[in-house]
Amino acid sequence: KQWYQRRVAIRAGAQQKGGTEIITTLELEGMKCEVVNQPLSNTVSFDRLELSADAGNILKNKVHEDTVLIVEQAEAIADHIEKGGLVAHARRSCAILSEEVLCSITFFIFGLDRLMKSKRKGAMDRLQWEEGLLELQLELNITSYCIKDNAELTDNIRMFCKSLGERPHKLKQHKDLFVGANKEVISVDKDGRGYLQVWIAQLQDIRSI
5 KQWYQRRVAI RAGAQQKGGT EIITTLELEG MKCEVVNQPL SNTVSFDRLE
55 LSADAGNILK NKVHEDTVLI VEQAEAIADH IEKGGLVAHA RRSCAILSEE
105 VLCSITFFIF GLDRLMKSKR KGAMDRLQWE EGLLELQLEL NITSYCIKDN
155 AELTDNIRMF CKSLGERPHK LKQHKDLFVG ANKEVISVDK DGRGYLQVWI
205 AQLQDIRSI
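When we follow this note's numbering, the leftmost residue of the sequence shown carries the number 5, and every step to the right adds one.
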């Protein structure tokens, strides 16, 4: 029998401003957190503890997740966008983090409202900003979220933590469901069993049209 502990260990970059407050809040909710040296500053990575029972013994196995959150400042991101180097910056970050394990990166960006209200000459407008982030997503499939404060960052870390903790169980239980021509539900498992019935149902729909 094997099960997964929903609590995920979070490793937060020590340099993050307000990091102590974030960690305290998460630990009060039962999450195990530790501050460690990271290949990049201001990053959050995750571990998952897998528990299994064997002959009455509880076995523990720590699994390092491939998800990494990088906290950036809007001014720095805007500078990369203006110079046409945001994708290159993200590639460098991926290369540094991927020395140990392949990772999936998400950017969390502070200070967008302050940047948009800036009166300095040549300040970036919102269209340029969105185009830069869109290019990043299209090129490297990296999603970016603009946040206002540490409380919002804490909420997002909590959601990632819960999602990663539940992912193995959901993958194990995953089934795709389709509705056939006669309103019956057709299930498709991870091995592909059920696709023939889905194909027949789709052909029947085409024929009726």
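Heads up, the beta-carbon is just placed ideally off N, CA and C, and yes, glycines get one too.
Cut-off 8 Å between Cβ atoms - residues of its own chain near residue 116, not counting five sequence neighbours on either side: So the qualifying residues of the chain are 78, 133 and 150.
Under 8 Å between C-beta atoms of residue 112 and residue 160: Cβ distance < 8 Å, so residue 112 and residue 160 count as in contact.
Taking DSSP's pairing of strands, which residues face residue 74 in a bridge? Note: residue 74 sits in a beta bridge opposite 47 and 111.
According to DSSP, what are the bridge partners of residue 151? BP columns for residue 151 point to 114.
Segment limits, alpha helix (DSSP H) that includes residue 33: No alpha helix (DSSP H) holds residue 33; DSSP gives it neither H nor E.
The alpha helix (DSSP H) spanning residue 97 covers which residue range? Segment 90-101, the alpha helix (DSSP H) holding residue 97.
Buried versus exposed call for residue 163 [16 or more other C-beta atoms within 10 Å across all chains shown]: Looking at its Cβ environment, which holds fewer than 16 other Cβ atoms inside 10 Å, residue 163 is exposed.
What's the call for residue 46, buried or exposed, on a 16-neighbour Cβ count within 10 Å? Under this definition residue 46 is a buried residue.
Are the beta-carbon atoms of residue 73 and residue 139 separated by less than 8 Å? No, the Cβ-Cβ distance between residue 73 and residue 139 is not below 8 Å.
Which listed residue (50, 154 and 114) has its alpha carbon closest to that of residue 80: Sorting 50, 154 and 114 by C-alpha distance to the C-alpha of residue 80 places 114 at the top.
Reference residue 88, options 67, 137 and 49, closest by Cα: For the residues 67, 137 and 49, the minimum Cα distance to residue 88 belongs to 137.
CA-to-CA distance, residue 24 to residue 8, given in whole angstroms: Caution is warranted here: a pLDDT of 45 is assigned to residue 8, below 50, making its placement in the model unreliable, and the coordinate value is therefore given only provisionally. In this structure, the alpha-carbon of residue 8 lies about 27 Å from that of residue 24.
Residues bridged to residue 58 (per DSSP): Paired residues: 61.
If contacts are defined as beta-carbon pairs under 8 Å, then residue 98 and residue 85 qualify, I think. What distance do you get, rounded to the angstrom? That belief does not hold up - the Cβ atoms of residue 98 and residue 85 are roughly 18 Å apart, past 8 Å.
Indicate the three-state DSSP secondary structure (helix, strand or coil) for residue 52 in the structure shown. In this structure, residue 52 counts as strand in the three-state DSSP scheme.
Return helix, strand or coil for residue 121, following the three-state DSSP convention. In the three-state scheme derived from DSSP, where H, G and I count as helix and E and B as strand, residue 121 is classed as coil.
Please report the Cβ distance between residue 55 and residue 158, rounded to the nearest whole angstrom; I am assuming they are in contact, meaning their Cβ atoms lie under 8 Å. Rounded to whole angstroms, the Cβ separation of residue 55 and residue 158 is 26 Å, and the two are not in contact under 8 Å.
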